[in-house]
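Enquirer:
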Amino acid sequence: MKSFTPLAILTVLFFSVMPLFSQSEAAISYAEGNGFQLIRNGQSTSYDILKGDVIGLPIQIGDMVLTDKNSFVEIQLNSGDGGVIKLAEDTTFTVTSLDGNGGGVFKLIFGRIRVKVAALTGGSRLWVSGYDTVAGVRGTDFGYDLFYDIADEGGERQTSVYCFEGAVDVLQYDKKTVSKIDLMALEPFILDAGKMVKTRSTAPNAKLKSGKIDKDISAYWSAYPIITTVGGGTEKLEVSEELNLDSSLDTVKGTYETGGKIVFAAGVGMMTIGGLLRAFLPDNETANGLSTGLLAIGGASVLAGGGMMIYSFTLP
Numbered sequence: 017m018k019s020f021t022p023l024a025i026l027t028v029l030f031f032s033v034m035p036l037f038s039q040s041e042a043a044i045s046y047a048e049g050n051g052f053q054l055i056r057n058g059q060s061t062s063y064d065i066l067k068g069d070v071i072g073l074p075i076q077i078g079d080m081v082l083t084d085k086n087s088f089v090e091i092q093l094n095s096g097d098g099g100v101i102k103l104a105e106d107t108t109f110t111v112t113s114l115d116g117n118g119g120g121v122f123k124l125i126f127g128r129i130r131v132k133v134a135a136l137t138g139g140s141r142l143w144v145s146g147y148d149t150v151a152g153v154r155g156t157d158f159g160y161d162l163f164y165d166i167a168d169e170g171g172e173r174q175t176s177v178y179c180f181e182g183a184v185d186v187l188q189y190d191k192k193t194v195s196k197i198d199l200m201a202l203e204p205f206i207l208d209a210g211k212m213v214k215t216r217s218t219a220p221n222a223k224l225k226s227g228k229i230d231k232d233i234s235a236y237w238s239a240y241p242i243i244t245t246v247g248g249g250t251e252k253l254e255v256s257e258e259l260n261l262d263s264s265l266d267t268v269k270g271t272y273e274t275g276g277k278i279v280f281a282a283g284v285g286m287m288t289i290g291g292l293l294r295a296f297l298p299d300n301e302t303a304n305g306l307s308t309g310l311l312a313i314g315g316a317s318v319l320a321g322g323g324m325m326i327y328s329f330t331l332p
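Residue numbers for the sequence shown follow the working numbering, so the first one is 17 and each next one is one higher.
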């Protein structure tokens, strides 16, 4: 699990809820840190949290949100009746559907989220899917992690679902053979408060077993709690609709791959210039310092770009 050092952050609190939802069923209600990207209709827009202009930003069906390092974003659903989804740093998250009553279907592509919901009305429900594991709300407070072990040649997926309050339905399915599933046909694993389950791509058919929530997970969310106020009350969800859980990762894969190529190429260019300067400029402190700096920055860029491209290959 990643560890984080304290960071002086700009915190933007959300005091007025209702005006945010005139044009959308979801909106950003809180943000802290540096920034995030919003990909909508294939167009990527970067937002600087430090400028303080992100509160109230509508989040629509099909949107993908990518948080930067040391950056957190909270998305409030349906004027707060449906609850809040908090995206931790370095997280990629997609809105698949919004039902108008505070529920919907959401996809975690990479990273960590926490969800708090109040009582959902009108047959509403809230589901979060990862790669092959789905979590459905039965209570008020749960989290979902999806990380890839990039040190592993196959890019092992590690999924964790954990419940702080109430209960959560956890469903696991075979990604290779199922693209659309009727959730009514699956027997959910009931995850109670204080418990968590873990799944790994190396053991896709392993029986789900719950255990206590890892201490580092509890400590993480104690340090970064949900700030936006959520209405009280819970109720059990009844699921009857068919959900498409095979959301495409082409957009995020392309972002990492293309960005990696650009950074890699820039690094090669800087290393080349640094080498030429060292070869042809006079041997003095200024010239040596300039060439050494270019070689160092270029080398770091090559490593970073290569890492981004390798990571894009690990995504499903």
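Backbone N, C-alpha and C fix where the C-beta goes; we use that ideal spot for every residue, glycine too.
1. Measure the Cβ-Cβ separation of F158 and Y189 and say whether it is below 8 angstroms.
2. Quick check: what's the CA-CA separation for S4 versus P298?
3. Using only CA atoms, which one of K123, T175, L306, D148 lies nearest to D161?
4. Output the distance between the C-alpha atoms of D230 and M212, rounded to the nearest integer angstrom.
5. Take the Cβ of S238 as the centre, count every other Cβ of all protein chains shown within 10 Å, and call the residue buried at 16 or more, exposed below.
6. Would you list the residues sitting across from Q59 in a DSSP beta bridge?
7. Whose C-alpha, out of G146, R128, L93, is nearest the C-alpha of K85?
8. Taking all protein chains shown into account, decide if K228 is buried (16 or more other Cβ within 10 angstroms of its Cβ) or exposed.
9. Since I233 is in the alpha helix (DSSP H), which residue starts that stretch and which ends it?
10. State the Cα-Cα distance for the pair I206 and L124, rounded to the nearest angstrom.
11. K85 bridges to which residues according to DSSP?
12. Kindly list the residues whose CB is nearer than 6 angstroms to the CB of R294, restricted to its own chain and excluding five residues on each side of it in sequence; keep chain order.
13. Round the Cβ separation of V100 and E90 to the nearest angstrom and send it over; I've been treating them as touching at under 8 angstroms.
14. I'd like to know if L310 contacts chain B, where contact means its C-beta is closer than 8 angstroms to some C-beta of that chain.
Expert: Working from what's here:
1. no
2. As displayed, the chain neither begins before 17 nor continues past 332, which places residue 4 out of reach and without an answer.
3. T175
4. 8 angstroms
5. exposed
6. R56
7. R128
8. exposed
9. 231-239
10. 20 angstroms
11. None; K85 has no bridge partner.
12. S307
13. 5 angstroms
14. This model lacks chain B altogether; it includes just one protein chain.
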